[in-house]
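First residue of the sequence shown? That's 1 in the working numbering, and the numbers climb one at a time after it. All C-beta atoms in this analysis are idealised placements derived from N, C-alpha and C, irrespective of residue type, glycine included.
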Amino acid sequence: MHALKRDWGMMHLNLIRGSDTALVFINSLGTDLRMWDAVVSRLPKGWSSLRMDKRGHGLSETAPQGYGIPDLAEDVIAAMDHEGIERAVFVGCSVGGLIALHIALLVPERVIGLALSNTASMLGASEGWHTRIEGVHTTGMGAMAETILPRWFGPAMLERPEAVLWRTMLARTDRAGYIATCAAIAGTDITDHLGEVEQPTLVFGGRHDLATPPEVVERLARNLPHADLVMFETTGHLPAIEAPEAFTKALVRFVDNITDKRKNPSGHESAPKSSWH
1 MHALKRDWGM
11 MHLNLIRGSD
21 TALVFINSLG
31 TDLRMWDAVV
41 SRLPKGWSSL
51 RMDKRGHGLS
61 ETAPQGYGIP
71 DLAEDVIAAM
81 DHEGIERAVF
91 VGCSVGGLIA
101 LHIALLVPER
111 VIGLALSNTA
121 SMLGASEGWH
131 TRIEGVHTTG
141 MGAMAETILP
151 RWFGPAMLER
161 PEAVLWRTML
171 ARTDRAGYIA
181 TCAAIAGTDI
191 TDHLGEVEQP
201 TLVFGGRHDL
211 ATPPEVVERL
221 ARNLPHADLV
231 MFETTGHLPA
241 IEAPEAFTKA
251 LVRFVDNITD
261 KRKNPSGHES
271 APKSSWH
């Protein structure tokens, strides 16, 4: 457990330091870094992993509202700097994937590859997010969590007793932090910039995902220049939780492939430069 002081407050980090490839994990809305526990525990020995709680999530403090996705991307970059990680493969789910895409556009030289789980360049219409914000203001996080859980998980996961624990995590998320992140998502659409993402990418989807349905993630994969798609037939929005063994197997295969391919004859890795701002 590490803490990093930012201008908005204290951010909670978790680092497993290895000697080989580094992976940076970015959580979905309403979860904390524990959503990656079952994936990180399955990674090859020697790999480094960095996880963090977004503003207003998990053990991180809640920031004043009025920030956007680029600000959340800067938090991730600051966490990497704090832990001495120069380059990494970024693994992001939902808003975490949107944050990872921003990092690839802002500082592509820091990005070896992208694993984008159940996400898009625009996560739904702005009106829907403002409706959700109003609902949280009116009925609170607990009531909202009841309606969100079927959007998160496929039928098999909803039958498992631990689904209730994830609902509890969501219900206990800081209300102000959740609302501020919803507002950041509502104002974001980087569809026109997807062609600028040069890094190799693996896109994950779930056949039962009601938040980012299969056609949404399929479209993302088509619009990225160097992307492959993995579609899980039994999962919903959070396959890292629902099917961690299959998720990790695909992730490790992807990382092994791109780290081998990016080695040039001199043994160094090339890195693209940013032209996006």
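Nearest to Pro70 by alpha-carbon distance, out of Ser60, Gly84, Lys54, is Lys54.
Counting only runs of 4 or more residues that sit fully inside the region 53-85, the alpha helix (DSSP H) segments are 69-83, in chain order.
Inter-residue distance for Glu242 and Met157 is about 6 Å (C-alpha atoms, whole angstroms). In its chain, beyond the 5 residues on either side, Thr62, Ala63, Thr173, Asp174, Ala176, Gly177, Tyr178, Ala180, Thr181 have a beta carbon closer than 8 Å to the beta carbon of Gly56.
Counting only runs of 3+ residues, the beta strand (DSSP E) found wholly inside the region 95-169 occupies 111-117, in chain order. Within its own chain, the residues whose Cβ lies closer than 7 Å to the Cβ of Gly135, once the five positions on either side in sequence are excluded, are Met144, listed in chain order. Looking at Asp32, Glu146, Ala22, the one whose alpha-carbon comes closest to that of Val111 is Ala22.
The DSSP assignment places 214-223 as complete runs of the alpha helix (DSSP H) inside the region 196-234, in order along the chain (cut-off: 4 residues). Annotation for Leu23: the continuous beta strand (DSSP E) segment containing it runs 22-26. The beta-carbon distance between Ala115 and Leu251, rounded to whole angstroms, is 6 Å. This is short enough to meet the 8 Å contact definition. Nearest to Met231 by alpha-carbon distance, out of Leu220, Phe204, Leu238, Thr147, is Phe204. Val255 is not a Cβ neighbour of Gly97, given a cutoff of 8 Å. For Ser117 against Leu220, the beta-carbon gap comes to about 11 Å, at or over 8 Å, which does not count as contact. A distance below 8 Å separates the beta carbons of Ala73 and Ile99. Each of Arg51, Trp166, Arg42 was checked against the Cα of Ala3, and the nearest Cα belongs to Arg51.
Spatial neighbours of Gly18 in its own chain (CB-CB distance under 6 Å, excluding positions within 5 residues in sequence) are listed in chain order as Gly46, Trp47, Ser48. Rounded to whole angstroms, the separation of the alpha carbons of Val39 and Gln199 is 22 Å. In its chain, beyond the 5 residues on either side, Leu158, Ala163, Trp166, Arg167, Leu170 have a beta carbon closer than 8 Å to the beta carbon of Leu149. Counting along the chain, the unbroken alpha helix (DSSP H) around Gly177 starts and ends at 175-186.
Note: Ser49 is bridge-paired with Ile16, Leu23 in the DSSP secondary-structure output.
A straight line joining the alpha-carbon of Thr138 with that of Thr191 spans about 32 Å.
Shown here, Arg6 sits in a strand according to DSSP, grouped into three states. Rounded to the nearest angstrom, the gap between the Cα atoms of His237 and Lys5 is 31 Å.
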